[in-house]
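Novice: Just add 5 to wherever you are in the sequence shown, counting from 1, and you've got our numbering.
Glycine residues also receive a C-beta, built at the ideal position from the N, C-alpha and C atoms.
Bear in mind the structure is a predicted one, so any value in this text is a computation, not a measurement.
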Amino acid sequence: MPDARLRATKTPCRIMRWPGRKPDDLGSNTLTDPLTAARAELGRVFGFPDFRPGQAEAVGALLSGQDVLAVMPTGAGKSLCYQVPALVMGGLTVVVSPLVALMEDQVAALRLSGVAADTINSGRDRETNVAAWRRVAAGETSLLYLSPERLMTARMIAALQKIGPVMFAVDEAHCISRWGAAFRPEYEQLGDLRHAFPDARLAAFTATADPATREDIAAKLFGREPEVLVAGFDRPNITLVVEPRSSWKEQLPGFLKSRPEESGIIYALSRKNVEEITAFLRDSGVNALPYHAGLDATERSVNQDRFMTDSPVVMVATIAFGMGIDKPDIRFVVHTHLPANIEAYYQEIGRAGRDGEPAEALMLFGLDDIRLRRRFIDEDSSGEDNKRREHKRLDALVSYAEASSCRRVMLLGYFGDRTGPCGNCDVCLDPPVMMDATGPARLALSVVKATGERFGAVHVIDVIRGSENQRIVELGHDRLAEHGAGKDRPKPWWQAFMRQLVSSGHLEIDIQGFGGLHMTASGRRILNGEDTFECREVLTRPTKSTRRQKADAPSLAPENEGLLTRLKAHRLELARQQNVPPYVIFHDKTLIAMAETRPANEDAFLDLPGVGKAKATKFADSFIAVMREDAG
Numbered sequence: 006m007p008d009a010r011l012r013a014t015k016t017p018c019r020i021m022r023w024p025g026r027k028p029d030d031l032g033s034n035t036l037t038d039p040l041t042a043a044r045a046e047l048g049r050v051f052g053f054p055d056f057r058p059g060q061a062e063a064v065g066a067l068l069s070g071q072d073v074l075a076v077m078p079t080g081a082g083k084s085l086c087y088q089v090p091a092l093v094m095g096g097l098t099v100v101v102s103p104l105v106a107l108m109e110d111q112v113a114a115l116r117l118s119g120v121a122a123d124t125i126n127s128g129r130d131r132e133t134n135v136a137a138w139r140r141v142a143a144g145e146t147s148l149l150y151l152s153p154e155r156l157m158t159a160r161m162i163a164a165l166q167k168i169g170p171v172m173f174a175v176d177e178a179h180c181i182s183r184w185g186a187a188f189r190p191e192y193e194q195l196g197d198l199r200h201a202f203p204d205a206r207l208a209a210f211t212a213t214a215d216p217a218t219r220e221d222i223a224a225k226l227f228g229r230e231p232e233v234l235v236a237g238f239d240r241p242n243i244t245l246v247v248e249p250r251s252s253w254k255e256q257l258p259g260f261l262k263s264r265p266e267e268s269g270i271i272y273a274l275s276r277k278n279v280e281e282i283t284a285f286l287r288d289s290g291v292n293a294l295p296y297h298a299g300l301d302a303t304e305r306s307v308n309q310d311r312f313m314t315d316s317p318v319v320m321v322a323t324i325a326f327g328m329g330i331d332k333p334d335i336r337f338v339v340h341t342h343l344p345a346n347i348e349a350y351y352q353e354i355g356r357a358g359r360d361g362e363p364a365e366a367l368m369l370f371g372l373d374d375i376r377l378r379r380r381f382i383d384e385d386s387s388g389e390d391n392k393r394r395e396h397k398r399l400d401a402l403v404s405y406a407e408a409s410s411c412r413r414v415m416l417l418g419y420f421g422d423r424t425g426p427c428g429n430c431d432v433c434l435d436p437p438v439m440m441d442a443t444g445p446a447r448l449a450l451s452v453v454k455a456t457g458e459r460f461g462a463v464h465v466i467d468v469i470r471g472s473e474n475q476r477i478v479e480l481g482h483d484r485l486a487e488h489g490a491g492k493d494r495p496k497p498w499w500q501a502f503m504r505q506l507v508s509s510g511h512l513e514i515d516i517q518g519f520g521g522l523h524m525t526a527s528g529r530r531i532l533n534g535e536d537t538f539e540c541r542e543v544l545t546r547p548t549k550s551t552r553r554q555k556a557d558a559p560s561l562a563p564e565n566e567g568l569l570t571r572l573k574a575h576r577l578e579l580a581r582q583q584n585v586p587p588y589v590i591f592h593d594k595t596l597i598a599m600a601e602t603r604p605a606n607e608d609a610f611l612d613l614p615g616v617g618k619a620k621a622t623k624f625a626d627s628f629i630a631v632m633r634e635d636a637g
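#1: Buried or exposed: where does His-488 fall if 16 or more other Cβ atoms within 10 Å of its Cβ makes it buried?
#2: Could you spell out the range, first to last residue, of the beta strand (DSSP E) harbouring Pro-295?
#3: Report the residue from Met-439, Phe-460, Met-440 whose alpha carbon sits nearest the alpha carbon of Ala-449.
#4: Quick check on the burial criterion: 16 or more other C-beta atoms within 10 angstroms. Buried or exposed for Phe-628?
#5: So what does DSSP say about Leu-195, is it helix, strand or coil?
#6: Counting Cβ pairs, one atom from each stretch, are 3 or more of them under 8 Å apart for the stretch 329 to 341 and the stretch 588 to 604?
#7: Hey, how far is the Cα of His-297 from the Cα of Ala-325?
#8: May I have the straight-line CA-CA distance separating Asp-72 from Thr-211, to the nearest angstrom?
#9: In terms of residues, what are the limits of the alpha helix (DSSP H) holding Leu-568?
#10: Run through the DSSP bridge pairs and tell me what Thr-98 is partnered with.
#11: For Ala-636, which residues of its own chain have a beta-carbon under 8 Å away from its beta-carbon, when the five flanking residues on both sides are left out?
#12: Sort Glu-230, Gly-358, Ile-466 by Cα distance to Pro-495 and report the nearest one.
#13: Would DSSP call Gly-521 helix, strand or coil?
#14: Hey, Lys-225 and Gly-196: beta-carbon distance below 8 Å or not?
#15: Considering only heavy atoms of the ligand NAD, does any lie closer than 7 Å to the CB of Arg-571?
#16: Taking contact to mean at least 3 C-beta pairs separated by less than 8 Å, is the stretch 297 to 316 in contact with the stretch 232 to 248?
#17: Going by alpha carbons, who is nearest to Thr-244 out of Asp-431, Arg-378, Met-439?
#18: Can you give me the start and stop residues for the alpha helix (DSSP H) that Ile-382 sits inside?
#19: Just verifying my parser: in three-state terms, what is the DSSP assignment at Ile-271?
#20: Quick check on the DSSP output: the alpha helix (DSSP H) that includes Ala-63 runs from which residue to which?
#21: Given that a residue counts as buried once 16 or more other Cβ atoms are within 10 Å of its Cβ, and exposed if not, what is Lys-5?
#22: Is it true that the CB of Ile-271 sits closer than 8 Å to the CB of Thr-341?
#23: Between Tyr-350 and chain D, is any beta-carbon pair separated by less than 8 Å?
#24: Measure the C-alpha to C-alpha separation of Arg-378 and His-464 and round it to an integer number of angstroms.
#25: Which residue from Leu-85, Thr-79, Val-76 puts its Cα closest to that of Glu-46?
#26: Is Ala-43 helix, strand or coil when you go by DSSP?
#27: At which residues does the alpha helix (DSSP H) containing Ile-181 begin and terminate?
#28: Spatial neighbours of Ala-455 within its chain, please: C-beta separation below 7 Å, excluding the five flanking residues on both sides.
#29: Going by DSSP, what residue range makes up the alpha helix (DSSP H) through Val-432?
#30: Can you find the residues in the same chain that come closer than 8 Å, C-beta to C-beta, to Thr-537, ignoring five residues on each side of it along the sequence?
#31: Could you give the uninterrupted runs of the beta strand (DSSP E) lying entirely in the stretch 291 to 368, keeping only those of 3 residues or more?
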């Protein structure tokens with residue numbers, strides 16, 4: 006698939022066209038008549054006065070008959086980009102979604118907004134699924150949510166061909182890519198939709214796709230040239246922080262201590278790590294829950310429901326948790342180890358701060374993380390091309406972790422976005438001091454060479470610091486000229502320093518050689534006195550929290566804080582009655598506006614953000630009663 010060309014627009018969204026597409030192919034009324042009808046539905050059903058940046062381009066393209074691949078950051082409102090066109094066009098739209106819980110939440114939210122939505126999935130009994138299909142067949146359903154596994158069966162395809170869906174919308178579309186962040190084989194089969202439904206529009210949405218992944222999605226899903234919309238990747242409300250991992254038993258409590266009333270996610274590397282961290286945090290008084298594939302389905306479901314409905318809750322999880330989680334008030338995401346790659350990292354931190362309020366992403370990592378991640382890649386059954394790409398993606402993440410300039414510039418640059426220093430990462434808020442480290446670098450490189458380029462960082466550091474443990478003595482490494490030459494610096498200093506030598510490309514980890522370090526060509530130049538080495542000043546203590554408040558974060562008058570608490574309690578009660586997450590009833594922003602303006606009737610209630618006609622009819626009276634009771 007050829008590279009996309011960029012055409013500038015008046016919004017932050019970029020429209021990237023495949024070569025050969027004429028500028029006027031969308032039609033003269035792409036952003037006029039279709040969007041007039043779309044805005045009317047947006048206000049009537051969902052209670053929003055206008056589209057966010059990027060949404061109008063996707064909606065307009067779909068309504069004018071184009072296929073669309075849209076890359077939009079988490080929280081940018083991707084769902085509305087296909088839900089609104091589905092309502093404007095009429096007929097049936099099929100939404101392909103990866104998770105049962107996500108489908109159920111989306112359908113519940115649409116129904117509360119007065120939209121005829123259904124799902125057929127493995128979490129429902131046969132009778133319920135049959136009833137849903139009958140509504141679809143009768144033309145009563147506007148949006149049908151299906152997993153790719155259920156959709157791409159011969160029986161379902163044949164049944165849908167009799168109905169003739171007007172559109173298929175694929176959520177989490179990066180799963181289509183073989184080297185996507187959350188690959189599922191069934192997603193690749195979605196490329197057959199174009200042949201089975203040649204007249205239907207295809208839409209694909211993701212928050213995570215670098216240029217290579219976008220091209221792969223476009224090549225596999227669309228049988229014709231799609232409109233590629235890139236609405237930017239920046240999540241400026243998330244503070245980005247990276248720390249060397251010293252002891253998570255000290256670092257995690259220190260981080261959580263200042264966040265006693267906040268919900269967040271802590272990602273751990275393995276099931277064992279999840280259980281150990283959860284037990285430790287519970288013993289420390291933290292309301293922590295575990296989530297990993299080793300738990301039975303019922304326990305996972307209960308824990309996820311508690312995380313979505315209760316607050317504050319800290320979910321300690323493997324990457325099995327998170328896709329499709331739409332909890333808007335997640336205030337932090339912590340990685341206790343290096344994530345799989347930079348795309349996975351971006352996707353996982355994107356679960357924080359979906360409400361636009363300040364949030365923080367903290368990553369802890371050590372040198373051994375790099376070795377493990379390299380090993381995981383090399384042991385994967387995928388082809389050599391994919392392994393090479395994954396190593397490059399990991400390289401990008403390691404460079405990000407050791408960045409000496411703005412982290413956001415580096416992160417967004419990976420995805421093709423250009424920006425200036427953000428002022429909201431640890432490097433911007435507390436700039437590192439750079440140091441000439443040529444002397445320590447030559448010492449470390451000399452020990453690597455003298456020990457045969459066969460040993461890992463632990464052994465090399467032991468030699469540098471003059472250890473006389475049994476292995477060093479048996480190997481005769483206590484007799485090396487370099488033995489003990491770096492004992493004036495503590496072990497944590499050397500661990501952090503060795504990490505910078507690796508991330509800078511002067512040392513490489515030999516995965517096949519059980520993690521042994523060997524010099525690269527640039528490392529040999531430093532050792533031979535041909536080059537110097539400058540790096541960040543090495544810190545051996547965790548950095549202080551760099552979290553900040555957004556300058557424009559909305560504040561609530563003190564006299565309304567009690568009312569907001571009661572409104573949230575009422576929302577939680579309604580959510581439990583209807584077995585849905587609280588945000589499905591109303592988002593926090595709606596409750597804040599409610600507490601500030603105190604609407605006294607249904608018409609005034611309709612003026613609140615996120616309140617359409619159906620929700621006003623259903624919920625206005627009960628929330629107004631809470632406000633009247635508060636007024637005394």
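Specialist: Looking at the coordinates:
#1: Under this definition His-488 is a buried residue.
#2: Start and end: 293 to 296.
#3: The option with the nearest alpha carbon to Ala-449 is Phe-460.
#4: With a threshold of 16 other beta carbon atoms within 10 Å, Phe-628 meets it and is buried.
#5: Three-state DSSP puts Leu-195 in a helix.
#6: Yes: at least three Cβ pairs fall under 8 Å.
#7: Linking His-297 to Ala-325 through their CA atoms gives a straight-line distance of about 6 Å.
#8: When rounded, the separation of the alpha-carbon atoms in Asp-72 and Thr-211 is 15 Å.
#9: Segment 563 to 583, the alpha helix (DSSP H) holding Leu-568.
#10: In DSSP, Thr-98 forms a bridge with Leu-148, Met-172.
#11: Closer than 8 Å at the Cβ level, and outside the excluded window around Ala-636, lie Arg-603.
#12: Measuring from the Cα of Pro-495, the nearest candidate turns out to be Ile-466.
#13: Strand, per DSSP.
#14: With a cutoff of 8 Å on beta-carbon distance, Lys-225 and Gly-196 are scored as near each other.
#15: As far as ligands go, the structure on display features none, and thus does not contain the ligand NAD.
#16: Contact between the stretch 297 to 316 and the stretch 232 to 248 is absent: fewer than three C-beta pairs spanning the two stretches fall below 8 Å.
#17: Closest option to Thr-244, Cα to Cα, is Asp-431.
#18: Taken as a continuous stretch (DSSP letters only), the alpha helix (DSSP H) holding Ile-382 covers 372 to 384.
#19: Taken through DSSP and simplified to helix, strand or coil, Ile-271 comes out as strand.
#20: DSSP places Ala-63 inside the alpha helix (DSSP H), whose first and last residues are 60 to 68.
#21: Since the first residue shown for the chain is 6 and the last is 637, residue 5 is missing from the structure and cannot be characterised.
#22: The Cβ atoms of Thr-341 and Ile-271 lie closer than 8 Å to each other.
#23: Protein chain content of the structure displayed is limited to a single chain, and chain D is not contained in it.
#24: In this structure, the CA atom of Arg-378 is about 20 Å from the CA atom of His-464.
#25: It is Leu-85.
#26: DSSP places Ala-43 in the helix class (H, G or I) of the three-state scheme.
#27: Neither: Ile-181 is in no alpha helix (DSSP H) and is coded neither H nor E.
#28: Same-chain partners within the cutoff: Leu-485, Glu-487.
#29: Per DSSP, the unbroken alpha helix (DSSP H) holding Val-432 starts and ends at 431 to 434.
#30: If we look at Thr-537 and ignore the five residues flanking it on each side, its Cβ neighbours are Asp-441, Thr-443, Ile-531.
#31: Counting only runs of 3 or more, we get 293 to 296, 319 to 322, 335 to 340.
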